[in-house]
Structures are given as structure tokens and as C-alpha cells.
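Numbering (my numbering), first residue to last: 752 to 905.
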């Protein structure tokens with residue numbers, strides 16, 4: 752077990768299976784020392800636990816928890832192309848999309864779920880730049896979607 756996966760276990764988390772693509776793309780692609788993930792939905796066992804817009808059908812707290820799930824799915828995607836999460840030198844960038852009700856402006860707070868998970872799991876290696884974007888709708892009516900860019904150790 753890698754040190755990162757041991758840390759996940761300490762947090763009571765298990766790295767899930769990679770979420771299969773919904774269309775013509777790969778869950779993650781390695782290019783040199785970087786891994787780019789596709790946008791990860793908060794799928795759990797092949798299902799979205801909740802759907803709808805944040806600020807309407809989904810609360811900001813629920814969405815924050817869903818963003819954590821997205822980040823966990825993104826780590827699984829990274830492992831699928833590296834074989835070992837201990838090869839992560841740092842998370843460079845997190846981009847998050849929040850399906851938002853027209854008057855919802857709390858996207859940064861929602862994306863804190865992903866950012867906080869990466870920090871808990873990776874420590875200083877999880878500190879990153881980030882964008883939090885409100886959108887009208889996401890695939891499958893998901894409330895949140897997260898993609899990450901990680902740099903690998905040389």
C-alpha cells in the first residue's frame with residue numbers, strides 16, 4: 752500500500768474504482784511529468800447520489816461533500832495512469848464546476864470540499880491554484896464536477 756493510500760485509510764476513505772468515461776475521452780492522460788484528469792463527477796458505485804442545482808435542489812454543504820467525492824475520483828483517475836499515488840509531487844491546479852441556481856454565488860465554498868480533501872490526503876503536495884466556476888448544467892444533472900492537474904516526481 753502506498754503512503755498516500757495509507758493516509759486515505761487513516762481518514763476512513765478508500766480509493767474508488769475509476770469512473771468509466773461517459774463519452775469519447777479518457778479519465779486521465781499523462782503527458783511527461785503531468786497528469787490531467789477529465790472532469791470527475793461525484794459518482795459512487797456508478798451512480799450520482801444526488802442531482803440538481805446547488806442553491807435549489809442541492810444545499811451548499813451537500814455540494815461540498817460531493818466535491819470531496821469528485822476529488823477522490825480524480826485521485827483514482829491519476830492512479831490509473833501512474834500506478835502509484837506516491838509519484839504525485841504536487842497538485843498544480845484544480846478546476847471545479849458547480850451547477851448553480853441563478854442566485855447562487857457560493858461556488859468557492861463548494862469547491863473547498865475538493866481542495867480540503869487534497870490537502871488532507873497529500874499535505875503540502877495538495878496545495879494548488881484553483882478556479883471555481885458556476886454553470887447552468889452539468890452532465891447527468893450532476894451538481895458539481897472537478898478536474899485536477901498533478902505534477903509527478905521526476
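Beta carbons: idealized from backbone N, C-alpha and C, even for Gly.
Just to confirm before moving on: does the CB-CB distance between residue i and residue j stay below 8 Å?
i           : j           : result
residue 792 : residue 890 : yes
residue 832 : residue 865 : no
residue 886 : residue 850 : yes
residue 862 : residue 847 : yes
residue 770 : residue 824 : yes
If you draw a straight line from the alpha carbon of residue i to that of residue j, how long is it in whole angstroms?
i           : j           : result
residue 842 : residue 782 : 15 Å
residue 818 : residue 804 : 14 Å
residue 881 : residue 815 : 15 Å
residue 859 : residue 876 : 20 Å
residue 801 : residue 903 : 33 Å
residue 768 : residue 855 : 32 Å
residue 927 : residue 809 : Because the chain spans 752 through 905 in this model, residue 927 falls outside it and cannot be assessed.
residue 892 : residue 874 : 32 Å
residue 829 : residue 752 : 16 Å
Can you tell me where the alpha helix (DSSP H) holding residue i begins and where it ends?
i           : result
residue 864 : 858-873
residue 755 : 754-761
Taking the beta strand (DSSP E) that residue i belongs to, which residues open and close that run?
i           : result
residue 815 : That residue, residue 815, is in no beta strand (DSSP E); its alpha helix (DSSP H) goes 811-833.
residue 845 : 839-850
residue 901 : 895-903
residue 788 : 785-788
residue 880 : 880-886
residue 779 : 779-782
Based on Cα-Cα distance, which residue from the options lies nearest to residue i?
i           : options            : result
residue 754 : 885, 849, 835      : 835
residue 879 : 858, 845, 849      : 845
residue 784 : 797, 884, 839, 820 : 839
residue 852 : 837, 807, 769, 900 : 807
residue 794 : 813, 780, 821, 775 : 821
Can you name, in chain order, every residue of its own chain whose Cβ lies under 7 Å from the Cβ of residue i, other than the five neighbours on each side?
i           : result
residue 777 : 789
residue 759 : 765, 766, 872
Once you ignore the five residues that flank residue i on each side, which residues in its own chain have a CB closer than 6 Å to its CB?
i           : result
residue 787 : 780, 900
residue 857 : 811
Among the residues of its own chain, which have a CB less than 8 Å from the CB of residue i, if the five just before and after it don't count?
i           : result
residue 772 : 778, 789
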